[in-house]
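>
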Amino acid sequence: MIAVVDLKISNLASVSNALRQVGASEHVPATRANVPGADAVILPGVGAYGDGMASLREQGLIEPIRVAVRGGTPVLGICLGMQLMASCSSEFGDHEGLGLLPGRVERLVADRPGYRVPNIGWCDVSPTRKGVLFPDAAGGCYYHVHSFHLVADDPAMVAATTEFSGRSVAVAIESGNLFGVQFHAEKSQDDGLAILSRFLRHVGARSGANA
Amino acid sequence: MIRPRLIPVLLLKHGVIVRSQLFKVHQVIGNPMSTVERLSDWNVDELVLLDISADDYHDLRRDDIQQRYQGTSAVDVLREVAKVCFMPLTFGGRIRSLGDIAERISAGADKVSINSVALADPAFVEQASRRFGAQCVVVSIDAKRHPDGRYEVYGGDGKIATGRDPAEWACRVAQLGAGEILLNSIDRDGSAQGYDLELINRVTRAADIPVIACGGVGAYEHFAAGIIHGGANAVAAANIFHFYELSYPMAKQATIDLGVPMRPVRLDSLWQRREPDYDLGAEDGRLADRRARAETGNYMAARARVQKSAIRWCTCCVYPSISAAPMEFDPNGVCMGCRMAEVKTAINPADWARRKELLRAILEKYRCRDGSRHDVVIAVSGGKDSWFQTHVIKNEFGLNPLLVTYDGNNWTEPGWRNMVRMREVFGCDHVVVRPSVDVLKKLNRLAFEIMGDMNWHAHVGITTAPVRVAAQNRIPLVIWGEHGYLDLCGQFSMDDFPEMSYRDRLEHFARGYEWNYFVGREGLTSTAMVTWKYPSDQELFDIDLRGIYLGNYVYWEANDHTRLMVEKYGFETSDISFDRTYRRMSNLDDMHENGVHDYLKYIKFGYGRCTDHVCKDIRAGLMSRERGLELVRQMDHVKPGDLKRWLEYTGKTEEWFDRVADTFRDPRVWRMADGAWQKDELWKSGDAK
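So the sequence lines, in the order shown, correspond to chains A and B.
Counting in our numbering, the first sequence runs from 3 upward without gaps.
Counting in our numbering, the second sequence runs from 187 upward without gaps.
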């Protein structure tokens, strides 16, 4: 069973539709009760950082998610969901994050012609190394909507980057059981669905091995 | 770097997709799901869905087609579409409040497009942006160019002048927090002349948010100009994506070839098959339910209910508003079939000459240069139109065509003789595709019970066999006769030059039932269905396989063709009349097409082939409406004599046939009163005069 967090400010249906399309048999809205027993947790989201954390707090999901991560449960953050996994964010004041990933969330800087914040659109992504989300050197093109980006303390956690205003920006992370993508995998056609499918396959192999 | 986007725009009107001209004339393309699924196959960058309905209720349920959609409002359509949309989805139309936006987002929209409400209350843009984020708010601007070169923003679906300048208005909404502009040229809508680049330039220079250009695309090459010369971040179009096979990938390739760095073309999504995935368990249940209802005489149309819609008839011809065809009426109650017939009649000789030159250019492009193959395939049934097509292609243009015929085993005797004689009369090679009679009998029985149409095999066979033979022989051009729905119900305009497409075949010829639906029924296997399998998108793309309709390029009038073919080549007309139409030269290749197949149309919708033929003859000026009405009254309801053959052929009884047929009666048309089926009749209604 895959627990999908509903931040109430995101379009959960898009993620559910995409999971169904790639063959995820069982995915349910995350609750305090089901997160501890979940095979994986997916943390999607759009909107403001502070609102996202507040929603997690209201639903009493912060501790269960932290505990699940310590227990080795794979977690995939998407867009705001990936940012929430960081230690803190500077979006409209400082906010504490889930603290699963040592790093900060900072505002994108657009100081070259042709770039603007928010960064909205299809951008090419280059993997930095092989892993679960990117099994080979092929990156792909994904749909991004963001004004902020994650700066990981440990560059080894970065799985893929995109170029923005002449700088390399982390758009995917992978470290142990933590996974995150800045782009909307559920809205990135075949390339995005492939990312979700690889994550699910990884989860399936892992829970199969545990069973 | 952000890649420029290519965006199909779908216009929704009362639940169906329409083609639009000058914001005024709307023609029905078909149901949204088949189009959206096709676009998802092709990995499109983004999709815009604009609802232009006058009111929010529609009822598209039909028992004789395969459709999963059962909703009654535009938001229902959105919810269904979102299930197969793995790309950003913008929804617009009739948004009045923040609550409307929230409803559309929760139904699956990623962004909403607002227009009139922003013009009426600019502060609304700011409120929407604050609540849902700038990325969610697209402001749509409809602009018109005045004769003096001035541009003006129009509201109310392009009807109300606002006095605003588009560039200034774009700046204003950007400041208020809009994330994007959808810029539409009213003058160019449906014109096929290309984008209004000056308009796009003015707006892109003024606003610092992305601009999506829309309105006027008539050729794939127009897209690149919108980006390179107009400075747009994304280019959009509606109509053109409905006209041609593989329109999106072809358009994208053309744009990339002109130097625009879009995401690469991709056919055949890994996650979505072109052939529909049916829930076969549920479908078995539907069939079992129908059989039970037939057995017990429990008919939908006989149940008491509140009548929500009434039949109207075209005020020029006699076509009904509830029908099997994608039909739309203009505000004066005139059907699009009549409207397009007027357009056709108005085409002058000079324009026909221009069309013939367009045809010549296409034929020249695809003609074989090395003797390795035939020049073109002509899809022929052996009828008057087939003879005319072959006459034009072989004897007027001097090409070497390969004739391809689907043999559905339902020939009339003169029809068979006409078909067999073609290779002699025209001196052409002829391939006749002849599926197993055992398989045909099974398909006849199954399709009758499943969709109330025994001729599924024929409609899909005829639209598949020539394309299969063309792909196998790497012949890139298939010549069809006239576009049936363009002629019958004005589905397209004469300058659209629509071509054959998989979507058209699946939705309109196959009723949403693809070959795989039949596998496992009556022991049918996948290999037994080979005749009905359409070539893959990759095969079509690789040889740029196109299917053009000759009727778009040369003057087409069935009565004239028949006369010409009889005089010139000895084409044989039938000396026996059909039971259900007064015409004697149509559908000689299939006795059931004018007979029991058509009788089922009457059972379902209350009209038949006589109505179709009367409408065509009224539009051609060959018949008065009074005479037409008389014929319709005489013939539309007649139970035809070929039913006997069909029952013997399939081993069924007439009572069984009647009972199953009655399950298909459309409740919008039929009611049961005093133990008999009743419906509204044109000759009793106010529309008769």
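We put the beta carbon where it would ideally sit given N, CA and C, even for glycine.
1) Using a Cβ-Cβ cutoff of less than 6 Å, which residues in the same chain neighbour Phe678 of chain B once the five nearest sequence positions on both sides are dropped?
2) Please give the ranges of any alpha helix (DSSP H) in the segment 608-661 of chain B, keeping only runs that are unbroken, at least 4 residues long and fully inside the region.
3) Relative to the C-alpha of Cys503 of chain B, which residue among B:Lys802, B:Val846, B:Met821 is closest?
4) Does Leu264 of chain B get closer than 7 Å to chain A when you measure Cβ to Cβ?
5) Taking only beta-carbon atoms, is Pro274 of chain B less than 7 Å away from chain A?
6) Identify, in the order they occur along the chain, each residue of the same chain with its Cβ nearer than 7 Å to the Cβ of Val623 of chain B, setting aside the five sequence neighbours on each side.
7) Which first and last residues belong to the alpha helix (DSSP H) in which Arg813 of chain B is found?
8) Provide the residue span of the alpha helix (DSSP H) that contains Ile442 of chain B, from first to last.
9) By the DSSP assignment, the alpha helix (DSSP H) with Gly52 of chain A in it spans what residues?
10) I want to know whether the segment 64-73 of chain A touches the segment 29-42 of chain A - three or more CB-CB distances under 8 Å.
11) What separation, rounded to the nearest whole angstrom, lies between the Cα atoms of Ala862 of chain B and Trp856 of chain B?
12) Using a Cβ cut-off of 7 Å, pull out every chain A residue sitting near Trp457 of chain B, in sequence order please.
13) Please specify which runs of the beta strand (DSSP E), each continuous and at least 3 residues long, are wholly inside the segment 505-588 of chain B, giving them in chain order.
14) I need the boundaries of the alpha helix (DSSP H) containing Val222 of chain B, first residue and last residue.
15) Measure the alpha-carbon distance for Thr33 of chain A versus Leu63 of chain A and round it to whole angstroms.
16) What residue range is occupied by the uninterrupted beta strand (DSSP E) comprising Ile159 of chain B?
17) Three-state secondary structure (DSSP) at Gln321 of chain B?
18) Considering only the alpha carbon of each residue, which of B:Arg559, B:Val263, B:Gly363 lies closest to Ala309 of chain B?
19) What are the start and end residues of the alpha helix (DSSP H) that includes Lys830 of chain B?
20) Whole angstroms are fine: how far does the CA of Pro115 of chain A sit from the CA of Ile442 of chain B?
21) Residues of chain A with CB under 8 Å from Asn229 of chain B, in chain order?
22) If we count the other Cβ atoms within 10 Å of its Cβ and call it buried at 16 or more, is Met159 of chain A buried or exposed?
23) Indicate the three-state DSSP secondary structure (helix, strand or coil) for Ala328 of chain B in the structure shown.
24) What is the residue span of the alpha helix (DSSP H) that Tyr785 of chain B lies within?
25) Please report the residue range of the beta strand (DSSP E) in which Met858 of chain B lies.
26) Could you check the C-alpha separation between Gly73 of chain A and Ala42 of chain A for me, to the nearest Å?
27) Does the CB of Ile188 of chain B have a neighbour CB from chain A at under 7 Å?
28) Is Met821 of chain B buried or exposed, if buried means 16 or more other CB atoms sit within 10 Å of its CB?
29) Could you tell me whether the Cβ of Arg449 of chain B comes closer than 7 Å to any Cβ of chain A?
30) Buried or exposed, going by whether 16 or more other CB atoms sit within 10 Å of the CB of Ser299 of chain B?
31) Does the distance from the CB of Met680 of chain B to the CB of Lys530 of chain B come in under 7 Å?
32) Would you kindly report the start and end of the unbroken alpha helix (DSSP H) that includes Asp262 of chain B?
33) Please report how far the alpha carbon of Tyr835 of chain B lies from the alpha carbon of His146 of chain A, in whole angstroms.
34) Would you mind stating whether Val611 of chain B and Leu589 of chain B have Cβ atoms separated by less than 7 Å?
35) Within 7 Å (strictly less), CB to CB, does Gln321 of chain B reach chain A?
36) What are the residues in the segment 135-165 of chain A lying within 7 Å of chain B by C-beta distance?
In this structure, then:
1) Taking the second sequence and counting its residues from 1, the one referred to as residue 678 of chain B is at position 492. Closer than 6 Å at Cβ, skipping near neighbours: Leu672, Pro684.
2) Counting only runs of 4 or more, we get 623-637, 642-658.
3) Here residue 503 of chain B refers to the residue found at position 317 of the second sequence. For the options B:Lys802, B:Val846, B:Met821, the alpha carbon positioned closest to that of Cys503 of chain B is the one of B:Lys802.
4) Taking the second sequence and counting its residues from 1, the one referred to as residue 264 of chain B is at position 78. No, Leu264 of chain B lies away from the interface with chain A (no Cβ there is under 7 Å from its Cβ).
5) One-based indexing of the second sequence puts residue 274 of chain B at position 88. Residue contact with chain A for Pro274 of chain B: present (Cβ-Cβ distance below 7 Å to some residue of chain A).
6) In the second sequence, the residue the question calls residue 623 of chain B occupies position 437. Excluding the 5 residues flanking it on each side, Val623 of chain B has same chain C-beta neighbours closer than 7 Å at Asn595, in chain order.
7) In the second sequence, counting from the first residue as 1, residue 813 of chain B sits at position 627. For Arg813 of chain B, the enclosing alpha helix (DSSP H) covers residues 811-821.
8) Numbered from 1 along the second sequence, position 256 holds the residue referred to as residue 442 of chain B. Segment 433-443, the alpha helix (DSSP H) holding Ile442 of chain B.
9) As a first step, residue 52 of chain A must be located in the first sequence, where it is residue number 50. DSSP places Gly52 of chain A in the uninterrupted alpha helix (DSSP H) bounded by 51-60.
10) As far as the Cβ criterion goes, the segment 64-73 of chain A touches the segment 29-42 of chain A, which means the pair count is three or higher.
11) As a working note, residue 862 of chain B is residue 676 in the second sequence. As a working note, residue 856 of chain B is residue 670 in the second sequence. Those two C-alpha atoms are separated by around 10 Å.
12) On the second sequence, position 271 is the one that residue 457 of chain B refers to. Here the neighbours are Gln23, Val24, Asp192, Leu195.
13) Runs of the beta strand (DSSP E) inside the segment 505-588 of chain B: 562-565.
14) Within the second sequence, numbered from 1, the residue matching residue 222 of chain B stands at position 36. Its alpha helix (DSSP H) spans residues 218-227.
15) Residue numbering aside, residue 33 of chain A sits at position 31 when the first sequence is read from its first letter. Residue numbering aside, residue 63 of chain A sits at position 61 when the first sequence is read from its first letter. For Thr33 of chain A and Leu63 of chain A, the distance between alpha carbons rounds to 7 Å.
16) Residue numbering for chain B in the displayed model covers 187 to 875; residue 159 of chain B lies beyond these limits and cannot be assessed.
17) Along the second sequence, one-based indexing puts residue 321 of chain B at 135. DSSP places Gln321 of chain B in helix when its eight states are reduced to three.
18) Within the second sequence, the letter at position 123 stands for residue 309 of chain B. Considering only alpha carbons, the answer is B:Gly363.
19) Reading the second sequence from its first residue, position 644 is the one you call residue 830 of chain B. That run of the alpha helix (DSSP H) goes 828-836.
20) For this step, residue 442 of chain B is matched to residue 256 along the second sequence. For this step, residue 115 of chain A is matched to residue 113 along the first sequence. Answer to the nearest angstrom: the Cα atoms are 22 Å apart.
21) Translated into positions along the second sequence, residue 229 of chain B becomes position 43. Going along chain A in sequence order, the residues near Asn229 of chain B (Cβ under 8 Å) are Gln191, Asp192.
22) Numbered from 1 along the first sequence, position 157 holds the residue referred to as residue 159 of chain A. Buried: at least 16 other Cβ atoms inside 10 Å.
23) Reading the second sequence from its first residue, position 142 is the one you call residue 328 of chain B. Per the sequence shown, the amino acid found at residue 328 of chain B is Asp instead of Ala. Asp328 of chain B: strand per DSSP, three-state reduction.
24) As a first step, residue 785 of chain B must be located in the second sequence, where it is residue number 599. Unbroken alpha helix (DSSP H) run through Tyr785 of chain B: 782-791.
25) Counting from one through the second sequence, the residue named residue 858 of chain B turns up at place 672. Under the DSSP assignment, Met858 of chain B falls in the beta strand (DSSP E) whose first and last residues are 856-859.
26) In the first sequence, residue 73 of chain A corresponds to position 71, counting from 1. In the first sequence, residue 42 of chain A corresponds to position 40, counting from 1. Here the C-alpha atom of Gly73 of chain A lies approximately 11 Å from the C-alpha atom of Ala42 of chain A.
27) Indexing the second sequence from 1 puts residue 188 of chain B at position 2. Proximity of Ile188 of chain B to chain A, defined by a Cβ-Cβ separation below 7 Å, is satisfied.
28) As a working mapping, residue 821 of chain B is identified with position 635 in the second sequence. Met821 of chain B comes out buried.
29) The residue given as residue 449 of chain B occupies position 263 in the second sequence. Taking a beta-carbon distance threshold of 7 Å, Arg449 of chain B counts as an interface residue toward chain A.
30) The residue you call residue 299 of chain B lines up with position 113 of the second sequence. For Ser299 of chain B, the number of other beta carbons within 10 angstroms of its own is at least 16, and it is reported as buried.
31) As a first step, residue 680 of chain B is located in the second sequence; it is residue number 494 there, counting from the start. As a first step, residue 530 of chain B is located in the second sequence; it is residue number 344 there, counting from the start. The answer is yes: Cβ separation under 7 Å.
32) Within the second sequence, numbered from 1, the residue matching residue 262 of chain B stands at position 76. Taken as a continuous stretch (DSSP letters only), the alpha helix (DSSP H) holding Asp262 of chain B covers 260-268.
33) Within the second sequence, residue 835 of chain B is the residue found at index 649, counting from 1. Within the first sequence, residue 146 of chain A is the residue found at index 144, counting from 1. Each residue's Cα considered, the two are about 60 Å apart.
34) Within the second sequence, numbered from 1, the residue matching residue 611 of chain B stands at position 425. Within the second sequence, numbered from 1, the residue matching residue 589 of chain B stands at position 403. Not a contact, by the Cβ cut-off of 7 Å.
35) In the second sequence, residue 321 of chain B corresponds to position 135, counting from 1. Interface residue, yes.
36) Sequence-ordered contacts of the segment 135-165 of chain A with chain B read Cys143, Tyr145, Val147, Glu165 [C-beta pairs closer than 7 Å].
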